[in-house]
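Undergrad: Protein chains in written order, with my numbering: chain C, 2 to 378; chain A, 2 to 378.
Got a structure here, written out as structure tokens. Questions coming.
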DNA sequence: CCTGGGATAGAAAGCGCTTTCTAAAGCGAG
DNA sequence: CTCGCTTTAGAAAGCGCTTTCTATCCCAGG
């Protein structure tokens, strides 16, 4: 049906092997031959058959990107950044496969299997992990399988897998892709352990809470994320560390002033109402993220409270809309684009793994108009 | 290296052909045999080799989704919706390849070639088209090529290709995929022309402008999008139609009250300042989309103008943050999710093409707090 | 009891590429 | 001028699956 390598070879008067070598470029071909081949490719408008070459080479040009929901800018920005590192000029022909897991661990496993089926060159996992031993073990097993098949694994914005869950980086390693460098002198030390780009959620939450404490707040509500997520726990830990450091007495009330919900607007709305019910006198509310903060703001306003005069509100993530909210939202900036880009480079092997396999990206407090000193009442 | 079909076949005591048939399910296999095979698959943890089956079957499980920028919720929502139609349960094993074109027609062509290389099952193109004959022709040619190779094409949120650019749906059609139904009695009428899910941008813009006119506005500025985009032109047309219908005299000033920019916040900011310079007495500003509207609002506020008391502002698209802006943004809702989902179903062949190949989705005016009657000055 | 036809399963020929392994030149040195 | 090395190119063997084309097997009908 379509033009094949053989057609190009015939036209250029060379063998198929030569055409393949010209196109892949990892074998010397004389200049004259090369240009003859390239001309034939042009003339015939030849398009490589990806599946065929993936079959023969045992690896494809696909890079999987697992996200909770691509429609959420938090993930959209990371995915976009990962993708930006795979532009045709930077990484010839790599394609990003975006998989919406909806935060479900099962779905995550399903997609990883699908990506393994496609012999993906790499997989970037975003979205916080679920703290469940069974899921963690299943995930680690699946990732090991992928890894053994030559797929590079990068975790972005989620903590590294627990040591004991990973283990057993087996023997099957060198049989697969490591064809070149056959004399064995080269340092075949390419670790297959997943690389992690982690966010400093604890530090960010701590600084945010310190900011509120410094403003004079003492009764601070917290609309947290799903209770089983690592991200939720880390942010909560940072928050409570700051409270404890400031005044251990504050910690006593922290439990009561915390509600859990999803990472969406309505959780923020409902959570704020619940907090108000529990503690009508609170002067500040922290939200699991910016989207939740929007919901919190809406609820507070619906209750006739002004922001920040009556209640201060802060978010997390610093998504693009946060600076434009009215009042502009105090939040913690996560360099999502930088993190995603780095994950992309790591996935493509264009950047070497950080020492220990974990790179933590800094978070930054963005103090804006939604937080102010509490009224002196 | 990995477990192959042959291994499964050996374990189940059948031939590879039988295993293949069990897994693809498009050929009768006796119940007992089938379950024996399935058990072997389980036991060996067999994962199909995607490239190999794509090679043999001449089509892959990949569906390309071209977007301007996946980090932009406008595209994120559509991509997410397309993806939601390909969940493992709905469409076994289909995977979405998201390609950021950055709005560049060249990049668009590059990605289409890459997708052709992967023998993508379908491609969904979003993002407005560029009005340039050369690009249109090149795009049409590329799409025809893809189409001939058996890839289904769906345009989502962009107008259909001009008739003359498409043309020549050649002879190469039936040679490819149309294997089954060989007796020729079946109606082999599956048109390969691209299917379109278009937005009613004209109508939306017209209704939005009518809304402002009804409120009493007469000096309405317009911060439009990139001048070469079809979407920009359509929205502008709708706007001017409304003006002309209301009072032809208004049309005279429309040119002066229009500035063009990109679809981003800073274009809105700059555009608003420029409009204010040209016409300090304007009472309303329409923006190319919601993001631009945010920039417009920021600029107006920085100039000491209140919204909507001094100047009304309206956007377009109704992205999630619009309702939460302060004041809540009047805008035109585009059912992005519905459109994307429909595009996804069309791409997967789970919904038949609309008559004429074009489905237009309705847009809806969302009148909110950012627009109000002008002050009586 | 024999036969034609439907239901199942196997054999084998690719799909189009990559990559050894091998062979033919091309070159400087002895 | 010839030998042995390097450089360049071809032959051919797969990679793992799909899908004809065939070969059984079994049953109802004659």
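Even glycine gets a Cβ: it sits at the ideal position worked out from N, Cα and C.
Are residue 1 of chain A and residue 113 of chain A touching if we call contact CB-CB under 8 Å?
TA: Missing from the structure shown is residue 1 of chain A; chain A here goes from 2 to 378 and no further.
Undergrad: Can you list, in chain order, the residues of its chain with a C-beta nearer than 8 Å to that of residue 199 of chain A? Leave out the 5 residues immediately preceding and following it.
TA: The answer, listed in chain order, is 156, 158, 159, 160, 161, 359, 360, 361 and 362.
Undergrad: Using 8 Å as the limit for Cβ to Cβ distance, is residue 89 of chain C near chain A?
TA: Closer than 8 Å to some Cβ of chain A, the Cβ of residue 89 of chain C qualifies, so yes.
Undergrad: Tell me whether the beta-carbon of residue 331 of chain A lies closer than 8 Å to the beta-carbon of residue 279 of chain A.
TA: Not a contact, by the Cβ cut-off of 8 Å.
Undergrad: Would you call residue 13 of chain C buried or exposed, if buried means 16 or more other Cβ atoms sit within 10 Å of its Cβ?
TA: Buried is the call here.
Undergrad: What first and last residue would you give for the beta strand (DSSP E) that runs through residue 197 of chain A?
TA: Where residue 197 of chain A is concerned, the enclosing beta strand (DSSP E) stretches over 196–200.
Undergrad: Do you know offhand how far residue 377 of chain C's Cα is from residue 84 of chain C's?
TA: Between residue 377 of chain C and residue 84 of chain C, the C-alpha separation is close to 50 Å.
Undergrad: Just to make sure I have the definition right: I need the residues of chain C whose C-beta is within less than 7 Å of the C-beta of residue 322 of chain A. Which are they?
TA: The answer, in chain order, is 322.
Undergrad: Is the region 291–302 of chain C touching the region 291–298 of chain A in the sense that three or more CB pairs, one from each, lie closer than 8 Å?
TA: The region 291–298 of chain A is not in contact with the region 291–302 of chain C.
Undergrad: Looking at residue 68 of chain A and residue 80 of chain A, is the spacing between their C-beta atoms short of 8 Å?
TA: Contact: yes.
Undergrad: Considering residue 267 of chain A, what are the terminal residues of the alpha helix (DSSP H) in which it resides?
TA: Residues 266–279.
Undergrad: What are the boundary residues of the beta strand (DSSP E) that includes residue 313 of chain A?
TA: Note, residue 313 of chain A: beta strand (DSSP E), 313–315.
Undergrad: Is there a C-beta anywhere in chain C that falls below 8 Å from the one on residue 290 of chain A?
TA: It does not: the Cβ of residue 290 of chain A has no partner Cβ on chain C nearer than 8 Å.
Undergrad: Since residue 4 of chain A meets chain C, which of its residues come closer than 9 Å, beta carbon to beta carbon?
TA: In chain order: nothing, as chain C lies at least about 11 Å away.
Undergrad: Please confirm whether residue 71 of chain C has its beta-carbon closer than 8 Å to some beta-carbon of chain A.
TA: Output row for residue 71 of chain C: interface = yes.
Undergrad: How far does the alpha helix (DSSP H) with residue 342 of chain A in it reach, from first residue to last?
TA: First-last of the alpha helix (DSSP H) with residue 342 of chain A: 337–349.
Undergrad: Helix, strand or coil: how does DSSP classify residue 132 of chain C here?
TA: Coil.
Undergrad: Determine the extent of the alpha helix (DSSP H) in which residue 153 of chain A is found, giving its start and end residues.
TA: Where residue 153 of chain A is concerned, there is no enclosing alpha helix (DSSP H), although the beta strand (DSSP E) it sits in stretches over 153–157.
Undergrad: Can you find a C-beta in chain C that's less than 8 Å from the C-beta of residue 101 of chain A?
TA: Judged by the 8 Å Cβ criterion, residue 101 of chain A is in contact with chain C.
Undergrad: Strictly below 7 Å CB to CB, what residues from chain C border residue 452 of chain A?
TA: Any question about residue 452 of chain A goes unanswered here, given that chain A covers just 2 to 378.
Undergrad: Looking at C-beta atoms only, is the number of pairs between the region 99–110 of chain C and the region 129–143 of chain C that lie closer than 8 Å three or more?
TA: The region 99–110 of chain C vs the region 129–143 of chain C: in contact.
Undergrad: Give the interface partners of residue 120 of chain C over in chain A, defined as CB-CB distance under 8 Å, in chain order.
TA: Ordered by position in chain A, the residues that pass the 8 Å Cβ test against residue 120 of chain C are 50, 51 and 52.
Undergrad: Checking contacts by CB at 8 Å: is residue 186 of chain A closer than that to chain C?
TA: Note that residue 186 of chain A scores a pLDDT of 32, beneath 50, so its modelled location is shaky and nothing firm can be said.
Undergrad: Counting C-beta neighbours from all protein chains within 10 Å, is the total for residue 91 of chain A 16 or more, i.e. buried, or is it exposed?
TA: So residue 91 of chain A counts as exposed.
Undergrad: Taking contact to mean 3 or more Cβ pairs, one atom from each stretch, closer than 8 Å, check whether the region 46–64 of chain C and the region 29–41 of chain A are in contact.
TA: In short, these stretches do not touch, since the Cβ pair count stays below three.
Undergrad: Rounded to a whole number of angstroms, what is the C-alpha to C-alpha distance between residue 218 of chain C and residue 235 of chain C?
TA: Cα to Cα, residue 218 of chain C sits roughly 22 Å from residue 235 of chain C.
Undergrad: Between the Cα of residue 347 of chain C and those of C/196, C/243 and C/337, spot the shortest distance and give me the residue it belongs to.
TA: Looking at the Cα atoms, C/196 is the closest of the given residues.
Undergrad: Per DSSP, residue 361 of chain A forms a beta bridge with which residues?
TA: BP columns for residue 361 of chain A point to A/199.
Undergrad: How do the region 319–338 of chain C and the region 337–353 of chain A stand: do at least 3 beta-carbon pairs fall below 8 Å, yes or no?
TA: Touching, no, given that fewer than three Cβ pairs across the two stretches are closer than 8 Å.
Undergrad: With DSSP run on the structure shown, which of helix, strand or coil describes residue 183 of chain C?
TA: For residue 183 of chain C, the pLDDT reaches just 34, beneath the cut-off of 50, and the residue's location in the model is therefore unreliable, leaving the point undetermined.
Undergrad: Determine the burial state of residue 228 of chain A: buried for a count of at least 16 other Cβ atoms within 10 Å of its Cβ, exposed for fewer.
TA: The residue in question, residue 228 of chain A, is exposed, as its Cβ has fewer than 16 Cβ neighbours within 10 Å.
Undergrad: What do you reckon, is the C-beta of residue 342 of chain C under 7 Å from a heavy atom of the ligand HEM?
TA: Judged by which ligands are present, the structure shown has none, so any question about the ligand HEM falls away.
Undergrad: Which chain A residues are close to residue 267 of chain C, counting only those with a beta carbon under 7 Å from its beta carbon?
TA: In chain order: nothing, as chain A lies at least about 12 Å away.
Undergrad: Mind checking which residues open and close the beta strand (DSSP E) that includes residue 295 of chain C?
TA: Segment 291–303 is the alpha helix (DSSP H) holding residue 295 of chain C; no beta strand (DSSP E) there.
Undergrad: Assess contact between the region 266–281 of chain A and the region 300–318 of chain A, defined as three or more Cβ pairs (one per stretch) separated by less than 8 Å. Is contact present?
TA: The region 266–281 of chain A is in contact with the region 300–318 of chain A.
Undergrad: Interface residues of chain A around residue 114 of chain C at Cβ under 8 Å?
TA: By Cβ distance, chain A contributes 48.
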